[in-house]
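Protein chains: 2
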Amino acid sequence: MTNPTAAMLVIGDEILSGRTRDSNTHYLAGELTQRGIRLMEARVVADDHAAIVEAVNALRGRWDHLFTSGGIGPTHDDITADAVAAAFGLGISHRADAMALLQAHYDRAGLEFNTARQRMARIPDTATLIDNPVSTAPGFTLGNVHVMAGVPNIFQAMVASVLPTLTGGEPLLSQSLRVNRGEGEIAGPFAALAADFPDLSMGSYPFIQNGAHGTNLVIRGTDPAQLDAAMTRLCALFS
Amino acid sequence: MTNPTAAMLVIGDEILSGRTRDSNTHYLAGELTQRGIRLMEARVVADDHAAIVEAVNALRGRWDHLFTSGGIGPTHDDITADAVAAAFGLGISHRADAMALLQAHYDRAGLEFNTARQRMARIPDTATLIDNPVSTAPGFTLGNVHVMAGVPNIFQAMVASVLPTLTGGEPLLSQSLRVNRGEGEIAGPFAALAADFPDLSMGSYPFIQNGAHGTNLVIRGTDPAQLDAAMTRLCALFS
């Protein structure tokens, strides 16, 4: 059985300028792994129409799912919804369902539902809304593309809305062993072990602690029995 | 005058599985911005030969510089050097200059310079070495591609070696104003201001603090006089 695949597209000048450090990719990676969906690729592009359109089309054509974060707020630099509509060749308008949600939200808050805020109701034709329990302004799913907010707590809430609707795969399991030896010392036998288990992925991550070299060895796969067998041999090699 | 452009390519299964959160992109973004080099795009791909080759060729063809992190260690999953050589259609071998550096390093440490460690001397033909003051194993520059380690302190040391060799641009300046109003309230006048300064980039980044909405407004550009003029008008609008 193969696992579904996914990509992440982070949209925002503030990530590329170094002002903000993206945290959404790391969060999504962990959530997808738990559900057996493989994150295959991630990209960051600027708030630039052509760059967003190109990345959306490249990634949605290649992987089962594409998740985006950023660019769906009320200001002039929030151009993601229009770019995603253009990527699909679809129209976009102030959709009645999104307008109603936002009108009710601002009525409750006693705030004017002005032109800028109405921008957040621009949703491509045929898209379905993604619930935003934090601040109401919805994301949307169009085909296999899930368009979500960049603010981390809203992004996370939207991921929680979307993931249960997707078909997962066998959970991607991992086991790791911490070894107090440098990578160069264990690389030979570790490679031989990896060659014996072609269905598993084995990675090694070096660290230095108190001036001494160490390595975290990680084995990933979907078959628990294979994982256990590999781990037993790994421990026999290096423990 | 236009600023040089750059892209970042992060290579590693551990980022896509959610095991490790990438910090190198954020570090590089800040360093490039200070030197007037615009980071235009970033990608993360797995430890997969074809994926690395494709991303290297896409990004080195499009931007002035490409920086990579990850996959240059001694273990079987370290395949970046071979993939970059393949992307350029060049050969790769245990280069004498890198072999000498590493041999001296392991001699000093009293450790065997074994086959695995010799893997770190595999350098594409015609590449120049990037100094690694932390752990000796070098990165390399091939054409406009700078191949560096994934371990953050080594990546940072290599960036410090490479950046002084590159032609920078006018510094990318930014000024910001923190406003205790939500984005939806300031979006209209902020967009009008942005339209008056087409050479500047203006972004708005919402936050919630103690339950109240606020927004950081950021203006970026290379012309200090324009930046000051825009900032004066911004403060008049919202302070």
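Residue numbers (my numbering), protein chains in the order written: chain A, 1 to 239; chain B, 1001 to 1239.
For every residue, glycine included, the Cβ atom is placed at its ideal position computed from N, Cα and C.
Bear in mind the structure is a predicted one, so any value in this text is a computation, not a measurement.
Of all alpha-carbon atoms in N1132(B), L1066(B), T1232(B), D1013(B), the one lying nearest the alpha-carbon of A1029(B) is that of L1066(B).
A residue is called buried once 16 or more other Cβ atoms fall within 10 Å of its Cβ, and N180(A), having fewer, is exposed.
Fewer than three beta-carbon pairs drawn from the segment 1159-1175 of chain B and the segment 77-95 of chain A are found closer than 8 Å, and the two stretches are therefore not classed as touching. Any Cβ of chain A closer than 7 Å to the Cβ of H1026(B) would place that residue at the interface, and such an atom is present. Under DSSP, the beta-bridge partners assigned to T141(A) are T128(A), H146(A).
D1022(B) and I11(A) have their C-alpha atoms some 17 Å from each other. If you draw a straight line from the Cα of A1127(B) to the Cα of A1230(B), it comes to about 45 Å. With its beta carbon at least 7 Å from every one in chain B, G61(A) lies outside the interface. Look at N24(A) here: in three-state DSSP terms it is helix.
Within chain A, D13, E14, S17, R19 have C-beta atoms less than 9 Å from the C-beta of V1218(B), given in sequence order.
Listed along chain B are G1184, each with a C-beta nearer than 7 Å to that of R117(A). Only buried fits T141(A), as 16 or more other CB atoms lie within 10 angstroms of its CB.
In the three-state scheme derived from DSSP, where H, G and I count as helix and E and B as strand, R1035(B) is classed as coil. Contact of F190(A) with chain B by beta-carbon distance below 8 Å involves T1075, H1076.
Closer than 9 Å at the C-beta level to chain A, one finds these residues of the segment 1149-1161 of chain B: G1150, V1151, N1153. Looking at the DSSP output, Q1175(B) shares a beta bridge with I1219(B).
At a cut-off of 7 Å, the C-beta of S1069(B) has no neighbouring C-beta in chain A. By the neighbour-count criterion, in which a residue is buried when 16 or more other Cβ atoms sit within 10 angstroms of its Cβ, E112(A) is exposed.
Here P1138(B) is buried: its Cβ has 16 or more other Cβ atoms, across all protein chains shown, within 10 Å. Within the model, the alpha-carbon separation for I1072(B) versus P206(A) is close to 12 Å. Within the model, the alpha-carbon separation for L177(A) versus V1053(B) is close to 30 Å.
A distance of 7 Å or more separates the beta carbons of P133(A) and A85(A). Scanning chain A for C-beta atoms nearer than 9 Å to the C-beta of N1114(B) yields G184, E185, A187, G188, reported in chain order.
Around the Cβ of R38(A), a 10 Å sphere holds 16 or more other Cβ atoms; the residue is buried.
Judged by DSSP secondary structure, M1120(B) falls outside any alpha helix (DSSP H); it is assigned neither H nor E.
Per DSSP, reduced to three states, the secondary structure at T2(A) is coil, with no helix or strand assignment. At least one beta carbon of chain B lies nearer than 7 Å to the beta carbon of A29(A). For R233(A), the closest Cβ of chain B is not nearer than 7 Å.
Here L66(A) carries a strand assignment [DSSP, helix/strand/coil].
Under the Cβ distance rule, T33(A) counts among the residues neighbouring chain B, one pair being separated by less than 7 Å. Straight-line spacing of the CA atoms in D107(A) and N114(A) works out to 11 Å. Close partners of M1202(B) in chain A (Cβ separation under 8 Å): H76, D77. Burial check for R1062(B): the Cβ neighbour count within 10 Å stays below 16, so the residue is exposed. A Cβ-Cβ separation of about 4 Å places T75(A) in contact with A1187(B) under the 8 Å criterion. R1043(B) has a beta carbon lying within less than 7 Å of a beta carbon in chain A.
Within the same chain, Cβ atoms closer than 8 Å to the Cβ of R1035(B) are found at L1163, L1166, G1168, G1169, P1171, the five residues on either side in sequence being excluded.
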